């Protein structure tokens, strides 16, 4: 039965509803663009016998003595799963140099988020799970990553077929599905997600409700520079993305969090996005696009549409006990 690992959390989980959602998400197997992942995951099963050592630093690295045949299978699967957005990963000598050098974001926050030892963690919009492996260094009890994209799920299953980390779980749930969790997670990570959705305040309230009474939210998002509490609502695209809605100033973001039931709001980092951190690579090659194509070639402080270039804010906040949440 799916989601068996959540049985022990039944008082905090609408497990029947989640199992219904899990069943609905299985429709990817018959999708015109996603059914190919069935074959890829069958190939992943062929390498699941490999045992080795997992090393986690900037890279999520797996080392093992493997046959030439298994090495060829691993390389084929990895290339079939291009584009690789988040990473980097390394499997023996196979260096998966991803579009994002996600280690740089992790370096900015890892010493400020607090220990995850023994904790129950949710990673919303986890992509292929790179940050989930980084969290393992603290030995959390459970890290649940949710992301509705089958491509990301296949990358996660590929890497974890080698690393075999039982306390990492991936589900094809979306942010809208976290209403089925109440007071469960000690820590929730939402990194690079909230600006892709029409209702950021509702999302913050849903995340607050999913946290334990002493729970912590780590929220990372793009925003805009400037003083005062306001946000950009692009008329059309932003950095060529159509699914960008509200881009707040830092003060506006902190106000959102205060108004939706968070306290002890702490700014962990403010960073411009650079070509060092986000760029095309052999594992995310043309015709895919990256930051260079999203910014004005004559003025890197602006997007190609003329909007302010993205600034990345990361904030840590605590769930407020019995807050007055209002608008």
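In the working numbering, the protein residues as written are 429 to 755.
Heads up, the beta-carbon is just placed ideally off N, CA and C, and yes, glycines get one too.
None of these values were measured; they are calculated from a predicted model.
Beta carbon of residue i nearer than 8 Å to that of residue j
i	j	result
residue 739	residue 652	yes
residue 644	residue 734	no
residue 642	residue 742	no
residue 600	residue 560	no
residue 613	residue 552	no
residue 411	residue 549	No answer is possible for residue 411: it lies beyond the span of the chain, which begins at 429 and ends at 755.
residue 677	residue 709	no
residue 509	residue 583	yes
residue 723	residue 731	yes
residue 528	residue 717	no
residue 540	residue 696	yes
residue 475	residue 448	no
residue 511	residue 486	no
residue 699	residue 536	yes
residue 391	residue 569	Missing from the structure shown is residue 391; the chain here goes from 429 to 755 and no further.
residue 494	residue 478	yes
residue 711	residue 521	no
residue 759	residue 688	This structure leaves residue 759 out entirely; the chain is present only between 429 and 755.
residue 606	residue 634	yes
residue 608	residue 441	yes
residue 450	residue 431	yes
Alpha-carbon to alpha-carbon, residue j and residue i
i	j	result
residue 694	residue 685	11 Å
residue 661	residue 673	6 Å
residue 518	residue 488	6 Å
residue 690	residue 615	13 Å
residue 545	residue 664	43 Å
residue 452	residue 445	11 Å
residue 748	residue 681	16 Å
residue 555	residue 579	9 Å
residue 586	residue 557	11 Å
residue 590	residue 654	45 Å
residue 464	residue 610	35 Å
residue 436	residue 704	43 Å
residue 754	residue 459	Per-residue confidence for residue 754 stands at a pLDDT of 42, beneath the threshold of 50, marking its modelled position as unreliable; no derived number is given.
residue 603	residue 629	13 Å
residue 622	residue 496	43 Å
residue 443	residue 581	21 Å
residue 454	residue 671	24 Å
residue 457	residue 692	44 Å
residue 588	residue 482	10 Å
Coarse secondary structure for residue i, derived from DSSP in three states
i	result
residue 440	helix
residue 746	strand
residue 569	coil
residue 626	coil
residue 466	helix
residue 514	strand
residue 429	coil
residue 493	coil
residue 614	strand
residue 541	coil
residue 584	helix
residue 577	coil
residue 597	strand
residue 478	coil
residue 634	helix
residue 590	helix
residue 754	Because the pLDDT at residue 754 is just 42, under 50, the model does not fix this residue reliably, and the value given afterwards should be weighed accordingly. Three-state result, residue 754: coil.
residue 621	coil
residue 648	strand
residue 642	strand
residue 498	helix
Next item on the list: Please go through the region 653-737 and give each complete alpha helix (DSSP H) segment of 4 or more residues, from N-terminal end onward.
Entry: With a minimum length of 4 residues, the continuous alpha helix (DSSP H) runs that stay inside the region 653-737 are 678-687, 719-722.
Check: Do the region 502-518 and the region 454-474 meet, that is, are 3 or more Cβ pairs less than 8 Å apart?
Finding: yes
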